[in-house]
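Novice: These protein sequences, in sequence, are chains A and B.
Quick note on the numbering used here: the first sequence kicks off at 37 and runs consecutively.
Quick note on the numbering used here: the second sequence kicks off at 902 and runs consecutively.
Note that the Cβ used here is the ideal one computed from N, Cα and C, for glycine as well.
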Amino acid sequence: MIKKTVSSGVSCRIIPKKDFIGKEAMIAVKFGSDISGFTLGDRHYTLPAGTAHFAEHKMFECPDGNAMTKMSDMGAEVNAFTTFDMTAYYFTCTENFYENLAELVKMVSKPYFIPESIDNERKIIASEIKMYEDDPWQTNYFALLKKLYGGYMGCPIAGTERDIAKIDANLLELCYDTFYTPKNIMLIAAGDLDEDRVTETAEENFNLPDDKAAEADIIPPNDGKSGRTEVEADIKMPLFGIGARCTEKTDAEDIVKMRIISDCLFGARSEFYQKLLDERLADCLPNTEYMNGRCYNALLVTGSSYSPEKVFEYAKQTLQKCDLNNIKRTVTQQYAALCMRQDNIDGTVNAVASCFAKNTDLLDIYGIYGKIVDNIENFAPILPEMSGLTLSVVCKKR
Amino acid sequence: MCDMRIIRDKANIFLHETDKFAVFHLCVCLHRPLERDSAVKNRLLPLVLGSGCEKYKTPTELNNALADAGGAELNFQTVKKGDRAVLQFMISVPRGREENAFELLSEIISRPLLKDGDFAVSKTEYLKNIIENKSKKDMAFDRCIELMFDGRGFGVNADGRLEDMKNIGNLYEYYRYILENSRVDIFVFGNISSVKTMELTGKYFPYLKSRDIISSAQTAAAYKRVEEGFGLNQAKLCVGIDMGQGERCEKQIFNEILGGNGNSRLFAEIREKRNLCYYIGSTFYSLANAVIIQAGIQKESVGEVLNAVEEQLEKQVSETEIEQAKKAVIARTKGIYDQPFALMDLYLTQSLFGKELTEVVGANRAMEEIGAVKEIALSPKICTVYMMY
């Protein structure tokens, strides 16, 4: 991976993929749904939930037409997404890569927020919100986060209809000026590419607002009440979400360690999973995630079971016992998965962007795994102190 | 770009020899006719086989074996291909571990974990959960296909039905029967020669013999419009279109123009202009000669959405639209040379068009055919409208 910084201050990562036909570019912006407000100078601004996502929807609109249409006409497949800690715009193509890249960079450099079109977009986003409301897994996930971290984090990334009603062109302009600045942005390009042409294209077309000394309010940690929460949905087998907060700040090494610990405790070869199978509490492996952001880090285990309380009890015991069996094989498997992901351009680009949003670097993650593999016999990670153990349940409508 | 080599041996071997991937993929596919009575069994088998075998009895043991093979990954599933269910058993290993992949996959497929003459593990509860907790968008799609192809293979839900779970009987006996009576394709992707592939296939899969399976053309049933209430926040609309006569590549281009990407007619008209939805798009199912449109809408706007769909279907296709759609389809087809799963899917589909396997049209030829299209003269007809609300 080649690291560069263009004169505007934007960091670039170029991932050479010799002989690959597909190419991808992504612009990642450290502006996600976890920013509930910010202070700029002596003024504080509060953001309705869904603001970053709303900006993502409107960024494609340009004074000379829709950027998505222009890039599609040049053979690119274009899309964007918003997560807790970033907004990302990307395209994949096999031809006209540099022309599409120029278009993507120009689009992010020149917002065009028109009040009428914002009203129209509100209807589209409202439809997106309704789509998520019909998804019990989403309901489960955000119910768990709400209990762990409080209301703002428990709100879907797209916000609610009430939230998005408060978003207007002025607010989007303000957010753009504050967050779409060089230090918050990374350009990632992958494929069989000419690295000089990538940086030249970035150099010529980035034209961003200056960096601001804004202080973002990232979800206040430990604002949640923890415990138990229950919601109803149109499902048969109940869904469970088990979560616990870890330390507020982590570095790349902590992230790797926590991924290994989570997998040892709750993964495919864990005693926990075997117990769920033996006692017929689950029929498939629950999903284990170490969710880490800039100031929130949580261990989440989600799945479905007719006995969520019992699963919760076993999870609690597993965390208390913290018996880390099979570390060596877990590390081998995780490291192999990381290396095998190199064949997937989109997966690699996403991983680089995700690390950037969390103030880490994918190369550091590889390096840390490499060191652990080299010294596996002496590797003995310790589970950090955890708090707020929580169970969320989505059960059948009564 | 090198297309796949197809070697007709005891099984049909599809080899994509390349050194650009860090991963080696091996996939054994068993083709079965898609029938209501056996659908649930076909869906269960990959779940059961993927949970352990005689040598690696528990998930822990199996996962340890995967780690010991350099960090191998399994991906077992059943996919619908026209009027067939294709059971896919795929293993991926880091480059250099090719023989481990053959050995491990053969172990799992040939020596399952048994108890009292049947599989020791039952996955019926798991499958029941998959079926019952399916997303409403997917459920609506399944219902639309069931209605549109009522009584035909493509209309059968490849997940099976809950009521058929009672009649599974001895699943292992069924498995033994299909091992001997199915078309068998083996897909191989990676830095491996054809000689080595043949050697390893002969060594580890001597028991796999391909049998031809007869497919029939999938024709849509008469027009149906069905609406069902589920208390949803957003209605899920599915529109089934019979593509009628015409060349396959023309239909593919037409679908691209209609709803194949973010630049399509439906996206531009129904989402961007009328703001009636967040998602709308269409997919061409070549083996069923059908295009299915999917959209999430407000129940009250169904009339307006359907009128707009009809307008877009009837509108003349311009030369500019054809050229742009050709570019998009060709670009996407080229891109699949980087994606083993997509390449496998393309070859599976192409191989079911009634030709000898050695004459299967590869991705390169498919792109040439697309490139040659100059005009589109089709008569697509809406034949199913299904709304879940």
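Which residues in the same chain as Thr-919(B) place their Cβ atom closer than 8 Å to its Cβ, once the five residues preceding and following it in sequence are excluded?
Specialist: If we look at Thr-919(B) and ignore the five residues flanking it on each side, its Cβ neighbours are Cys-903, Phe-1090, Gly-1091 and Asn-1092.
Novice: Any residues in the segment 1010-1031 of chain B with a beta carbon nearer than 7 Å to a beta carbon of chain A? Which ones, in chain order?
Specialist: Residues Lys-1024, Glu-1026, Tyr-1027 and Asn-1030.
Novice: Give the range of the alpha helix (DSSP H) segment to which Arg-158(A) is assigned.
Specialist: Start and end: 151-169.
Novice: Can you list the alpha helix (DSSP H) stretches of 4 or more residues lying completely in the segment 278-314 of chain A, in chain order?
Specialist: Within the segment 278-314 of chain A, the complete alpha helix (DSSP H) runs of at least 4 residues are 288-302 and 307-314.
Novice: Counting C-beta neighbours from all protein chains within 10 Å, is the total for Cys-358(A) 16 or more, i.e. buried, or is it exposed?
Specialist: It counts as exposed.
Novice: Report yes if the CB atom of Ala-970(B) is closer than 7 Å to the CB atom of Arg-998(B), and no otherwise.
Specialist: Yes, the pair counts as a contact, with Cβ atoms nearer than the cut-off.
Novice: At the 7 Å Cβ level, is Asp-1239(B) part of the contact set with chain A, yes or no?
Specialist: Yes, Asp-1239(B) counts as interfacial toward chain A.
Novice: Would you give the residue range spanned by the beta strand (DSSP E) that Met-62(A) belongs to?
Specialist: Looking at the DSSP string, the run of the beta strand (DSSP E) that includes Met-62(A) is 59-65.
Novice: I'd like to know whether the C-beta of Lys-94(A) is nearer than 7 Å to at least one C-beta of chain B.
Specialist: Not an interface residue.
Novice: If I measure Cβ to Cβ from Arg-295(A) and keep anything under 6 Å in the same chain, skipping five residues before and after, which residues do I get?
Specialist: Excluding positions up to five away in sequence, the list reads Tyr-326.
Novice: Alpha carbon to alpha carbon, how far is Ala-280(A) from Ser-298(A)?
Specialist: Computed Cα separation, rounded: 12 Å.
Novice: Which chain B residues are close to Tyr-309(A), counting only those with a beta carbon under 9 Å from its beta carbon?
Specialist: Ordered by position in chain B, the residues that pass the 9 Å Cβ test against Tyr-309(A) are Pro-960 and Thr-961.
Novice: Taking the Cβ atom as the reference point for each residue, do Leu-1253(B) and Gly-1147(B) lie within a distance shorter than 7 Å?
Specialist: The answer is no: Cβ separation not under 7 Å.
Novice: Count the other C-beta atoms from every protein chain shown that fall within 10 angstroms of the C-beta of Gly-58(A), then say buried if there are 16 or more, exposed otherwise.
Specialist: Buried: at least 16 other Cβ atoms inside 10 Å.
Novice: Tell me the residue span of the alpha helix (DSSP H) that contains Leu-1014(B).
Specialist: No alpha helix (DSSP H) holds Leu-1014(B); DSSP gives it neither H nor E.
Novice: Who are Leu-988(B)'s beta bridge partners in DSSP?
Specialist: Per DSSP, Leu-931(B) and Thr-979(B).
Novice: For Lys-1152(B) and Met-1144(B), I'd like the C-alpha separation in whole angstroms.
Specialist: Roughly 7 Å separates the two Cα atoms.
Novice: Could you check the C-alpha separation between Leu-317(A) and Phe-276(A) for me, to the nearest Å?
Specialist: Straight-line Cα distance between these residues: approximately 12 Å.
Novice: Under the criterion of a Cβ to heavy atom distance below 6 Å, does Ile-1142(B) qualify as lining the ligand NAD?
Specialist: For the structure depicted, the ligand NAD is absent and the ligand set is empty, with no information on it obtainable.
Novice: Which two residues bound the contiguous alpha helix (DSSP H) that contains Thr-382(A)?
Specialist: What sits at residue 382(A) in the sequence shown is Asp, not Thr. From DSSP, the alpha helix (DSSP H) with Asp-382(A) extends over 381-393.
Novice: Is there a Cβ of chain A sitting closer than 7 Å to that of Val-924(B), yes or no?
Specialist: Yes, Val-924(B) counts as interfacial toward chain A.
Novice: Say whether chain A places a C-beta atom closer than 7 Å to the C-beta of Pro-995(B).
Specialist: Closer than 7 Å: yes.
Novice: Exposed or buried, Thr-75(A), counting other C-beta atoms within 10 Å across all chains shown (16 or more means buried)?
Specialist: Under this definition Thr-75(A) is an exposed residue.
Novice: From Phe-96(A) to Glu-1026(B), what distance separates their C-alpha atoms?
Specialist: About 45 Å.
Novice: Taking the C-alpha atoms as reference points, what is the distance between Glu-209(A) and Thr-175(A)?
Specialist: Looking at the two C-alpha atoms, the distance is approximately 31 Å.
Novice: Using 10 angstroms around the beta-carbon of Gly-1160(B), count the other beta-carbons present and answer buried if the total reaches 16, otherwise exposed.
Specialist: Burial call: buried.
Novice: Within its chain, find whatever has a CB closer than 8 Å to the CB of Asp-145(A); leave out the 5 residues flanking it on each side and keep chain order.
Specialist: The question names Asp, but residue 145(A) is Ser in the sequence shown. Cβ within range, chain order: Asn-241, Phe-242, Asn-243 and Leu-244.
Novice: 7 Å is my cut-off, CB to CB: does Ala-304(A) come that close to chain B?
Specialist: Judged by the 7 Å Cβ criterion, Ala-304(A) is in contact with chain B.
Novice: Quick one: is Ile-51(A) near chain B, going by C-beta distance under 7 Å?
Specialist: Not closer than 7 Å to any Cβ of chain B, the Cβ of Ile-51(A) fails to qualify, so no.
Novice: Under 7 Å, CB to CB, which of the residues in the segment 1159-1173 of chain B have a partner in chain A?
Specialist: Answer in chain order: Asn-1162, Gly-1163, Asn-1164 and Arg-1172.
Novice: Closer than 8 Å by beta-carbon distance: list the chain A residues that pair up with Lys-1216(B), in chain order.
Specialist: Per Cβ cutoff of 8 Å: no residues; Lys-1216(B) is ~18 Å from chain A at best.
Novice: Is there at least one Cβ from chain A nearer than 7 Å to Gln-1135(B)'s Cβ?
Specialist: Output row for Gln-1135(B): interface = yes.
Novice: Going along chain B, which residues have a C-beta under 8 Å from Lys-54(A)?
Specialist: The answer, in chain order, is Lys-921.
Novice: According to DSSP, Met-327(A) sits in a beta bridge with which residue or residues?
Specialist: In DSSP, Met-327(A) forms a bridge with Ala-334(A).
Novice: Counting pairs of beta carbons, one from the segment 43-62 of chain A and one from the segment 208-227 of chain A, are three or more of them closer than 8 Å?
Specialist: Segments in contact, yes.
Novice: Is the shortest distance between the beta-carbon of Ala-966(B) and the beta-carbons of chain A less than 7 Å?
Specialist: Answer no: the Cβ-Cβ gap between Ala-966(B) and chain A never drops below 7 Å.
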